[in-house]
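Sequence order for the protein chains is A and B. Under the UniProt record's numbering, read the first sequence as residues 1 to 180, first letter to last. Under the UniProt record's numbering, read the second sequence as residues 1 to 294, first letter to last. Below is one structure; the comments refer to it alone.
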Amino acid sequence: MRPLTDDETKVFFEKLTKYIGRNIVHLIDRPDEPYCFRLQKDRVYYVSESIMRKTTAIGRQNLISLGVCFGKFTKTGKFRMHITALPSLAQYAKYKVWVKPNGEMPFLYGNHVVKAHIGRVTEDMPEYQGVVIFNMADVPLGFGVSARSTVDMRKVDPTGIAVFHQSDNGEYLREEDALF
Amino acid sequence: MDVTGILDEHKNRFKSIQVERLVPVEFDLGLLACFDVNMIDEAQLRASQKARDTYLQELSREGAQLMINELFSLPTTVDEDSVYATLPAIRTVLPREKPAPKEKPMTRWEKFAKIKNIQNKKKSRMVYDEDQGEWRPRFGFKGVNNDDQKPWLIEVPGNADPYDDQYKARREEKKERIDKNKRRAQRNFEENLAVEKGMKPRDMRKRELQSALVLSKGSTASMGKFDDKLAGEPKVKGLKRKFDPLVKNSDKEKSNNMEILNRVSKGEAKATGVVNVRKAQRAINNAKRSKKQE
């Protein structure tokens, strides 16, 4: 376990800003308790400082997980978000998409969101921006990348892809062994 | 019939070929150029656009007129259909495009020759070959020092083995001479390189040797782990990755993260104050253009 280097932090923040923009500030600077980002075996964990201090007693080989896993650095140095980061993303998301009840299951099985399943969309959403997907009861289901801007979405036919799938809650079952 | 009136009228239609200049104008006819060092009337330049244009036109006409006058005073040759003036050589010195070449550093021999005051005697390129009865180059293609000019018989020197091949010895001797010269040239090159870098040649050689040693020692399958240590072998220090301490001042970490976030969200260029020159230029040009249109 170690803090992120400046370069790693930059890559990580660049990815995170796609979903929550400047709201990263609220993750860094919390009123309740100091939190920090720590790297353990290529994975970035968002963890309160008190817990982090306690885990320093555990060896690198033995430490499996701490705090909330936000994602991992790939071998090529890019950052990939994991579904475990969803609660934080959902809280601060800039762009949101709500899917109708008949679109929930297809998305949770790992498919893209088609236009026919979309119930509501944030205004002024640009193309290829990170979005968080909710069901109509405002429960976050996953996240992805917008395939069209809000304006262009009206022109797409009902079977056209509106949001590219990146991660969904179904991964808690499908990727159970590799997730943490 | 009196035609003076008509002639005068015809003459008045053209401007005079006589041009008055306070300071005589200089010419470089080889370049078809004329240099006018007279003062320019600034009042005319600052006047209205029209006055300025006519003034400048007049100025350039007069300059051209002067030059053409001068051209007609040159010696001419007459061809079948036209007359050619012979231009003199160019007098104006144009600066060279590239910087002047650097002086070559002296070789060891040149340094020695300077101290001992040895002058280079120029040898003629061609030598008279008495056997063939003709002139041949001293070296190079068909040169006298080539092996095709070898003697048909070589006397065995004093106490040499009579069964040794004297032709082979001759060949090898020449090869040795060439190799030696190459080694000397290489040494000169390396020494001059060291001086250029501000090091002593010996130190540079030592450093290069050590780096080569380190490289070769690490080139075995075990990366030099089982190699015998040499006497005075340099100690290799690898690059160590350095990370921040795991537990550190949380305020400092926070501010560091904030700084990175600012850089990410603003874009790298804006945060570091680096200016995109092309973009800035375009903005200035656009502003100028819009001002002009007003």
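From the three backbone atoms N, C-alpha and C, an ideal C-beta is built for every residue, glycine too. Remember, it's a predicted structure, so these values are computed and weren't measured experimentally.
Residue-level contact to chain A via CB, residue i, 8 Å cutoff
| i | result |
| --- | --- |
| Asn249/B | no |
| Ile260/B | yes |
| Ala271/B | Confidence at Ala271/B is low in this model, with a pLDDT of 48, below 50, so its placement is unreliable and the value that follows should be read with caution. Judged by the 8 Å Cβ criterion, Ala271/B is not in contact with chain A. |
| Glu208/B | no |
| Asp244/B | yes |
| Lys240/B | no |
| Lys254/B | yes |
| Ser219/B | no |
| Ser265/B | yes |
| Asn257/B | yes |
Per DSSP, the bridge partner or partners of residue i
| i | result |
| --- | --- |
| Val131/A | Gly144/A |
| Gly158/B | Bridge partners of Gly158/B: none, in fact. |
| Leu39/A | Arg2/A, Val44/A |
| Pro137/B | Met126/B |
| Ser167/A | Phe143/A |
| Trp98/A | Arg120/A, Phe134/A |
| Glu26/B | Phe35/B |
| Val78/B | Val83/B |
| Lys240/B | Bridge partners of Lys240/B: none, in fact. |
| Ile161/A | Val114/A |
| Arg80/A | Lys72/A |
Contact belief for residue i with residue j at Cβ below 8 Å, rounded distance in angstroms
| i | j | result |
| --- | --- | --- |
| Ala162/A | Arg148/A | 6 Å |
| Gly119/A | Val11/A | In fact, because the Cβ distance is near 34 Å, the residues do not count as touching under 8 Å. |
| Pro158/A | Ala93/A | Contact doesn't hold; Cβ gap of about 25 Å is too wide. |
| Lys254/B | Ile28/A | 6 Å |
| Leu74/B | Val25/B | Wrong, their Cβ atoms sit about 16 Å apart, outside the cutoff. |
| Leu209/B | Ile24/A | That pair is no contact at about 53 Å. |
| Lys217/B | Asp227/B | 6 Å |
| Lys150/B | Tyr167/B | 7 Å |
Classification of residue i by the beta-carbon crowding that lies within 10 angstroms, buried from 16 upward
| i | result |
| --- | --- |
| Leu66/A | buried |
| Pro140/A | buried |
| Asp168/A | buried |
| Leu86/A | buried |
| Val114/A | buried |
| Ser222/B | exposed |
| Tyr128/B | exposed |
| Tyr172/A | exposed |
| His10/B | exposed |
| Met39/B | exposed |
| Arg136/B | buried |
| Leu32/B | exposed |
| Asn117/B | exposed |
| Ser88/A | buried |
| Ile133/A | buried |
| Ile58/A | exposed |
| Asn285/B | exposed |
| Met105/A | exposed |
| His26/A | exposed |
| Thr9/A | buried |
| Ala280/B | exposed |
CB contact check: residue i to chain B, cutoff 8 Å
| i | result |
| --- | --- |
| Asp42/A | no |
| Pro3/A | yes |
| Cys36/A | yes |
| Phe13/A | yes |
| Lys10/A | yes |
| Val47/A | no |
| Asp32/A | no |
| Ile161/A | no |
| Arg53/A | yes |
| Asp6/A | yes |
| Arg60/A | no |
| Thr122/A | no |
| Ser28/A | The amino acid at residue 28/A is misidentified as Ser; the sequence shows Ile. Yes, its Cβ sits closer than 8 Å to a Cβ of chain B. |
| Val22/A | The amino acid at residue 22/A is misidentified as Val; the sequence shows Arg. Cβ-Cβ to chain B under 8 Å: yes for Arg22/A. |
| Thr84/A | no |
| Thr150/A | no |
| Val68/A | no |
Chain E within 8 Å of residue i, Cβ atoms only
| i | result |
| --- | --- |
| Phe73/A | Note that chain E does not occur in the displayed structure, where the protein chains are A and B. |
Does the region 166-182 of chain B come within contact of the region 190-199 of chain B, defined as at least 3 CB pairs closer than 8 Å? no
Using a Cβ distance threshold of 8 Å, determine whether the region 56-66 of chain B contacts the region 85-105 of chain B, with at least three qualifying pairs required. no
Is it the case that the region 241-260 of chain B contacts the region 52-62 of chain A, given that we only count it when at least three CB pairs across the two stretches are under 8 Å? yes
Touching or not, the region 16-23 of chain A and the region 37-47 of chain A, by the rule of three or more beta carbon pairs under 8 Å? no
With a threshold of 8 Å, are at least 3 pairs of Cβ atoms found where one atom belongs to the region 5-22 of chain B and the other to the region 42-49 of chain B? no
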